[in-house]
Each structure stands twice: as C-alpha cells, then as structure tokens.
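Here's the structure, in structure tokens; my notes come after.
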Amino acid sequence: PAAMPELERWVLHRLAELDTEVREGYAKYDFQGVFQKLFAFCTTDLSAVYFDIRKDALYCDAATSLRRRACRTVLDILFHRLTTWLAPILVFTMEEVWLERFPGEDSSVHLVDFPETPKAWRDEALAKKWDALRDARRVVTGALEVQRTAKVIGSSLEASPEVFVTPVMAGLLGGVDFAELCITSGLTLSTAAAPEGAFALSDVPDVAVLFHPAKGAKCERCWKVLPDVGTHKHPGTCQRCNDALG
C-alpha cells in the first residue's frame, strides 16, 4: 500500500475500519447495522468520492500507469470484501455477482471466508487528513454547482477555480492533485485572503472558492479543457491522452 496514491490508501483504511465493524456486527447478529454501514460506505465513500474521481484514470490513463494499476488493485479488493461481507444478507444477489466473475459448479461466495485485512491498511493520520480534504472538495463542488445551475458551465471539467485556503489547509493540499479530486481541468491554490463574493460554506471556514473557466480546448478523449490540446501527434488530444495512445 505504501506505493499507492493517497486516495487508494484512504480506501484501504476505510476497509480496515469496516472489517472490524462488520465482524463485530455479525458476531452480535446485528444484520441491520452491518448493512447500514456497508450501504453508507458504498454510496458516500465509493460512489460519491472514489469512483467519481477515479473513473478518469480508469478510462484515460495509460494501461501501465501506477495510478490506474493501483485503482484496479483496489477494485479487486473491494469486490472480494463487499461480496463476502454482504453474502449473509444479500444471499442470492452476491452469489450471482460471485459466479459472474468466478463461474463453476464448485464456486460459491458462501464457501469463501471473509478476507483477512492487513494491519498496515490502518492509517489514522491519513484518514484525518482526508476528512479535511473532502471538506475542502465539498466547497469547490458547491461553487461549481452554482455555476452549473446558472448554466455557465455544463461540466466541472469546464472550470479552473481559484481556491483560497489557510496555510494549514494549504499544507494538507500540497501533496495531492486537488484538481483531480475536484474533477476540474485546472485549479489554483492561494493563501491570500478570499475576495468578497467568493463562495464558501459556513461549516468549512478555511476554504473559499472563486470560479474561473478553464482555458484551452476540450480534449476529445478525456474531455478536460487544456491549453495544449491540439498540439500533439494525435489530433484533438492533451499530452496525457496523446502519450496513452502511443
């Protein structure tokens, strides 16, 4: 896990937390509690964050890229854990899911034990950091939603916002690609005071956002709006997509 991007390591941490909660829940026959925790994980952590961010890497990164390979590894881990964890509740559905990938007369999710979770997946410091990053991301997505509602943009990839943060938040954001997290074509960080009219949320006081449209042309492959689109071997592509196409 140490070689994986932080986003993948955060998902592994969440799985380590869930592993304990799921086992304890089943030991107490708390099927409703287990289902609620897994449902919340799938909708809030996976669908709204992880899958939303990583679909770009899965679709558009080169097949050999570390980010894409790490994502595929985590997807495989998610498959094995979610199918086995949910099997006692969604008995037939999880069996169908399992057999779709592992067909055979002797194959069954109900013959598989819960996978053991390495202790190294737990990373409380990383989890605390990503709680803050998700809060900051929420402010950016809120600002973009205002522009989308006003029909200024149709997609977040048409934006390149300026994000005003405190020095502490800037330190947290320094090691990650925040534009990637916010699904924008670009993003500028500033520790200057936010100008009047910048978008903010009352529960995230250390982040404010000023909208700017992304400059350049739309890449025909990844749909990001970038200045270098159209200057490469493959027409209509950005540098990353041009390299991925070979």
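In this text, residue positions in the sequence shown follow my numbering: the first is 69, and each later residue adds one. All residues carry an ideal CB built from backbone N, CA and C; glycine is no exception.
Between LEU83 and ARG149, the C-beta spacing is below 8 Å.
When C-alpha distances from ALA193 are compared across ARG77, MET72, LEU313 and GLY314, the shortest belongs to ARG77.
Judged by DSSP secondary structure, ALA276 falls within the beta strand (DSSP E) whose first and last residues are 272-278.
Distance from the CA atom of VAL231 to the CA atom of PHE182, rounded to whole angstroms, is 43 Å. If you draw a straight line from the Cα of PRO186 to the Cα of GLN215, it is about 43 Å long. Contact annotation: the stretch 112-132 does not touch the stretch 91-98, with fewer than three C-beta pairs closer than 8 Å. The DSSP-derived three-state label of THR256 is strand. Ranking ALA312, ALA282 and TYR118 by CA distance to the CA of ARG140 puts TYR118 first.
Taking the CA atoms as reference points, LEU154 sits about 12 Å from GLY101.
Residue range 230-233 is occupied by the beta strand (DSSP E) that includes VAL233.
For the pair LEU86 and ARG137, the Cα-to-Cα distance works out to about 23 Å. Assigned with DSSP and collapsed to three states, ALA193 falls in helix. Per DSSP, the beta bridge partners of LYS286 are VAL293. Within the same chain, ARG135, ARG136 and ALA312 come within 7 Å of ASP129 by CB-CB distance, once the 5 residues on both sides are set aside.
For the pair of segments examined, the stretch 294-302 was found not to touch the stretch 257-268: the number of CB pairs separated by less than 8 Å stays below three. Contact between VAL220 and THR259 does not hold, since the beta-carbon distance rounds to 26 Å and is not under 8 Å.
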